[in-house]
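Enquirer: There's a structure below that I have some questions on.
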Amino acid sequence: MCGKADQNSNGARLSLSLSSKRLVGFDAKNKDSLTKFICLICTYLLRNPVQLICGHRFCQSCVYIDEQSKVKCNICNQVSSSDKIILDRGCQLDMERLDISCSHCDWNGIFKAYQEHLNTVHLNSLCEHCGEELNTVNALTEHISICEKALINCVLEPYGCNEQFIRMNIRDHFLSVQHQSILLQYLFKNIRHRMNGESVISSRTRIHTDRETDETFNENPQQLLETMNMLLNGISALTDDAQRLSLESFHHQNSLRSLSEESSKLKIAIEETHSSIDAHQTNQQIFEQTLASLQQQLEEQKNISTDGKLIWKITNVPQKI
88 MCGKADQNSN GARLSLSLSS KRLVGFDAKN KDSLTKFICL ICTYLLRNPV
138 QLICGHRFCQ SCVYIDEQSK VKCNICNQVS SSDKIILDRG CQLDMERLDI
188 SCSHCDWNGI FKAYQEHLNT VHLNSLCEHC GEELNTVNAL TEHISICEKA
238 LINCVLEPYG CNEQFIRMNI RDHFLSVQHQ SILLQYLFKN IRHRMNGESV
288 ISSRTRIHTD RETDETFNEN PQQLLETMNM LLNGISALTD DAQRLSLESF
338 HHQNSLRSLS EESSKLKIAI EETHSSIDAH QTNQQIFEQT LASLQQQLEE
388 QKNISTDGKL IWKITNVPQK I
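The letter at position 147 of the sequence shown is residue 234 when you use our numbering, and the numbering goes up by one with no holes.
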């Protein structure tokens with residue numbers, strides 16, 4: 088039932104009079120195994136799924152368009168006018184029977200009971216990234232999708248940019264060598280495909296109100312190719328510089344490690360010398376004490392012979408009288 092919807096079915100037409108407050112889809116531990124039911128905009132499980140005329144789906148709450156807007160699907164490039172977007176009740180019924188693992192606890196059940204579980208068990212949830220308290224799980228899921236401290240993946244992850252970063256640092260990531268290199272490679276590949284009359288498949292659905300991007304490309308594709316080649320050469324030079332600096336850093340680290348080892352050996356030698364000096368000082372004190380004792384004994388036993396008389400030296404006479 089979750090196939091391409093019949094445009095003449097009983098599915099209600101989307102009014103597109105949506106609230107300015109966006110409510111994203113449902114989070115779940117096992118959402119990655121349910122890719123058929125993932126919204127292509129918020130990347131969560133579909134909430135009140137709507138369908139374009141090409142058959143691709145996203146959350147009703149993720150649609151930010153008015154009656155004059157059009158949605159272009161980047162998967163197939165087909166454009167859907169606002170009055171052709173329908174609520175996909177068949178897909179909703181299929182989802183209600185899905186097995187779901189709660190993203191916040193060990194609860195498992197069917198999707199139809201998931202919202203009731205969230206409302207009953209998970210109240211006043213805390214954002215694990217910034218600590219903000221939310222009064223519902225839906226509000227928490229919405230908050231996480233924009234939380235400045237949340238850890239996120241790059242939009243170019245499917246093309247090799249695997250770095251994770253905090254959302255507030257997204258600008259720094261976009262300016263990084265890794266991201267710029269992958270972006271240029273993707274754009275270069277995209278241009279070549281367009282020149283060959285092909286299209287590069289993307290995993291996102293975006294809203295477009297005109298075709299300015301395509302018109303700009305069609306005006307001078309050769310100039311864009313030359314610019315791309317120049318930028319790719321610049322990236323190659325930066326990569327070479329990075330490798331050179333990395334090699335120099337490696338040599339410096341080896342030198343520092345060698346100096347550190349020599350310093351450790353010298354420190355041990357100094358400690359051993361100090362120990363030897365302390366031992367010599369101790370022995371000297373013992374020798375001095377022994378010598379003093381022998382001298383005292385010699386003085387006590389010393390006698391003097393004068394005119395046939397023996398004279399003994401008596402010490403401490405007052406005490407002995």
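Where a beta carbon is used, it is the ideal one built from N, C-alpha and C, also for glycine.
Would you mind giving the Cβ-Cβ distance between C192 and V208, rounded to the nearest angstrom? I have them listed as a contact below 8 angstroms.
Expert: About 7 angstroms; that satisfies the 8 angstroms criterion.
Enquirer: Going by DSSP in three states, G196 sits in which element: helix, strand or coil?
Expert: G196 falls in the strand class under three-state DSSP.
Enquirer: Nearest-angstrom Cα distance between T377 and Q340?
Expert: The alpha-carbon atoms of T377 and Q340 are separated by roughly 55 angstroms.
Enquirer: What does a CB cutoff of less than 8 angstroms around N403 pick up in its chain, not counting 5 residues either side in sequence?
Expert: Closer than 8 angstroms at the Cβ level, and outside the excluded window around N403, lies no residue.
Enquirer: Can the beta-carbon of T228 be found less than 8 angstroms from the beta-carbon of D114?
Expert: The answer is yes: Cβ separation under 8 angstroms.
Enquirer: Based on Cα-Cα distance, which residue from L274, E203 and N225 lies nearest to S212?
Expert: The option with the nearest alpha carbon to S212 is N225.
Enquirer: Label Q138 either buried or exposed according to how many other C-beta atoms from any shown protein chain fall within 10 Å of its C-beta, with 16 as the threshold for buried.
Expert: Buried.
Enquirer: To the nearest angstrom, how far is it from the Cα of C241 to the Cα of Q251?
Expert: Rounded to whole angstroms, C241 to Q251 spans 7 angstroms at the Cα level.
Enquirer: Quick check: the Cα distance between E375 and S362, rounded to an integer number of angstroms?
Expert: Answer to the nearest angstrom: the Cα atoms are 20 angstroms apart.
Enquirer: Quick one: what's got a C-beta closer than 6 angstroms to C160's C-beta in the same chain, skipping five residues either side?
Expert: These residues qualify, in order along the chain: L139, C141, H143 and T292.
Enquirer: Keeping to the same chain, check which residues put their C-beta closer than 8 angstroms to that of I197; ignore five residues upstream and five downstream.
Expert: Hits under 8 angstroms: E183, R184, L185, D186 and I187.
Enquirer: To which residues of the same chain is S232 closer than 7 angstroms at the C-beta, ignoring the five residues directly before and after it?
Expert: Excluding sequence neighbours, S232 sits near V111 and C129.
Enquirer: Is the beta carbon of I257 less than 8 angstroms from the beta carbon of L238?
Expert: No, the Cβ-Cβ distance between I257 and L238 is not below 8 angstroms.
Enquirer: Below 8 angstroms on the Cβ atoms is my contact criterion, and I expect C214 with H230 to pass it. Report the Cβ-Cβ distance as a whole number of Å.
Expert: Indeed they touch by this definition, with Cβ atoms about 6 angstroms apart.
Enquirer: Helix or strand or just coil, what does DSSP make of C178?
Expert: Three-state result, C178: helix.
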